[in-house]
Amino acid sequence: MASRRLLSSLIRSVKSPSTLKTHVSSIPCGRFRPSPVGFLLNRVGTAGYATAAAVASASPQSSKMTGKITDEHSGKGAVGQVCQVIGAVVDVKFEDGLPPIMTALEVLDNPIRLVLEVAQHLGENTVRTIAMDGTEGLVRGQKVLNTGSPILVSFLCLTPHEFSL
29 MASRRLLSSL IRSVKSPSTL KTHVSSIPCG RFRPSPVGFL LNRVGTAGYA TAAAVASASP
89 QSSKMTGKIT DEHSGKGAVG QVCQVIGAVV DVKFEDGLPP IMTALEVLDN PIRLVLEVAQ
149 HLGENTVRTI AMDGTEGLVR GQKVLNTGSP ILVSFLCLTP HEFSL
């Protein structure tokens, strides 16, 4: 019962014109108070946490030639190493950056062509992938090539009964 009275008195006090007039009169010269969000953003800007500065400091590192030819967005051509193998799940670590999710990776120096699809970014330049074939014989430290594109399946592999609508 007391909570209903308190709630109704709060609603009446907000709706009453007398409180509205005092609130407007407390604002000097018709100017509005800045929002707290703007205040916090201004404080972040004065503290030296500028994103432009971080981008500017990162660009000289990317301009250095490392001898590896990679695409900036997809990381095509980057070579990583197998970190962990658990069944069909393979973790791969890259030094140059992470390939996007659903990108095809190909294991190098493997007796059979083994394609991995990136399923998750784990952090620390590591991705979790799903193997599209058996992982027997796959060991830690084995080289993995980022193809830079998703897994492609030939349209001609479909039989006529699979294609019927």
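First residue of the sequence shown? That's 29 in this note's numbering, and the numbers climb one at a time after it.
Glycine included, every Cβ here is placed at the ideal spot set by N, Cα and C.
Asked: Whole-angstrom distance between Leu144 and Met130, CA atom to CA atom; Found: 9 Å
Asked: Ordered list of beta strand (DSSP E) runs contained in the stretch 113–156, each at least 3 residues; Found: 117–122, 132–135 and 143–151
Asked: Inter-residue Cα distance where the pair is Thr157 and Val113; Found: 10 Å
Asked: Cβ of Phe183 within 8 Å of any chain C Cβ; Found: This model lacks chain C altogether, as it is built from one protein chain only.
Asked: Buried versus exposed call for Phe122 [16 or more other C-beta atoms within 10 Å across all chains shown]; Found: buried
Asked: For Gly176 and Lys104, believed in contact at Cβ under 8 Å, the rounded distance; Found: 2 Å
Asked: Anticipated Cβ contact below 8 Å, Val118 with Thr163, distance rounded; Found: 6 Å
Asked: One or two residues paired with Gln170 in a DSSP bridge; Found: According to DSSP, which records beta bridges pairwise, Gln170 is partnered with nothing at all.
Asked: As assigned by DSSP and simplified to three states, the class of Ile158; Found: strand
Asked: Pairwise C-alpha distance: Gly169 and Leu136; Found: 11 Å
Asked: Selection from Asn153, Gly115, Ser182 and Cys111 that minimises the alpha carbon distance to Pro127; Found: Asn153
Asked: Environment of Leu133 [buried if 16+ CB atoms lie within 10 Å]; Found: buried
Asked: Anticipated Cβ contact below 8 Å, Pro139 with Gly115, distance rounded; Found: Going by Cβ atoms, the distance from Pro139 to Gly115 rounds to 19 Å, so no, they are not a contact pair.
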